[in-house]
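Residue numbers (this note's numbering): 37 to 421.
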């Protein structure tokens, strides 16, 4: 059960639900007395898409070393993609169904939002861990909780293990070399064949969940997107070096609303996005932004007025911000002045199926393309400073 506050958002801690029956329970771990455990809390950060035996092995080791396990699910609260196909709630259920009710009492699973700013991300991790510690650590002697990180340094996504020197660290070996990436790639190419080929790498409950998900329209869309991305990257396979793409995006705000488009094509078909696109070979980035804005929204405001309304801009260059490959974008916030005529008329054009003015408070990050929700938040904060 998810606990929520009065706003409907999830509250500080989220423990795994009790279960009366446990399909594919891996067996209760014979843990030592709390006083003999090396840690009071161990923290495991990952995306878990899908949750596989390697993840399960790390969590079992954490339960043998610590009194309580805190699992932080990265890339939460964003639109489905072939890299992050499952929502936080689905990942949490996959984890819960792989453990016994007794083990679930010692596990807390929380969502973790991706942020480009390491300091903000560290703050989020610290806040999540602190909330669980406050709830579960009540020693009679008032001792300080022993907190540690547990994980496997496998690639660029594991660098977080070095970012919390105040906590202990438990390094785990990679279980049979299992990685989620080839499982996902095979799954979206042929779900049935992949689940058969990788059945030894997945808990049975996860295999069952993925088989059921493969029958949904969401799976079909993601499989189509996965094939598109593979073909897109193959088109650059013979380039003398890996390509870097340059794009420009517009954050146009007016009276608490932002101008968004619905994507017509892949990737991200049907998702909301900022107006924008690739920079031409003979264009300045700002000019490309204004051109794409007017093409995709049919906004009938002269280019000079749009340029005069720019209040902030920033480059967004996270290496993995786009599934299409290395894509650097510069986004510009344009502040329009209210008039008696209300919102300027817009409609979809070029790559956009439709265009609309969306109240900023009503934007759902799980319906936004790639990192565009983060871009909006960042530029609005910059413009207010």
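The C-beta atom is built at its ideal place from N, Cα and C for all residues, glycine as well.
Note that the structure is a prediction, hence the values are computed from the model and not measured.
- Closest in alpha carbon position to residue 297, among 329, 244 and 164, is 329.
- About 6 Å separates the beta carbons of residue 293 and residue 395, which is inside the 8 Å limit, making them a contact pair.
- Looking at the DSSP output, residue 394 sits in a beta bridge with 294.
- Between residue 84 and residue 187, the gap from beta carbon to beta carbon reaches 8 Å or more.
- By the neighbour-count criterion, in which 16 or more other beta carbons inside 10 Å mark a residue as buried, residue 144 falls on the buried side.
- DSSP, reduced to helix, strand and coil, places residue 341 within a helical segment of the structure shown.
- Where residue 91 is concerned, there is no enclosing beta strand (DSSP E), although the alpha helix (DSSP H) around it starts and stops at 89-101.
- In this structure, residue 350 lies near residue 367, with their beta-carbon atoms less than 8 Å apart.
- Under the three-state reduction of DSSP, residue 104 is assigned to strand.
- Non-local beta-carbon contacts of residue 124 in its own chain, meaning distances under 6 Å to residues more than five positions away in sequence, involve 109, 112 and 147 in chain order.
- For residue 351, the enclosing beta strand (DSSP E) begins and ends at 346-352.
- Between residue 414 and residue 283, the C-beta spacing is not below 8 Å.
- Bridge pairing for residue 404: 308 [DSSP].
- Residue 115 sits buried, since 16 or more C-beta atoms from the chains shown fall within 10 Å of its C-beta.
- In the three-state scheme derived from DSSP, where H, G and I count as helix and E and B as strand, residue 178 is classed as coil.
- Here the alpha carbon of residue 375 sits roughly 16 Å from the alpha carbon of residue 344.
- Burial is judged here by how many other beta carbons sit within 10 angstroms of a residue's own beta carbon; residue 333 has at least 16 and is buried.
- Cβ-Cβ separation between residue 101 and residue 73: approximately 6 Å, consistent with a contact (criterion under 8 Å).
- Put simply, the backbone Cα of residue 173 is about 54 Å away from that of residue 378.
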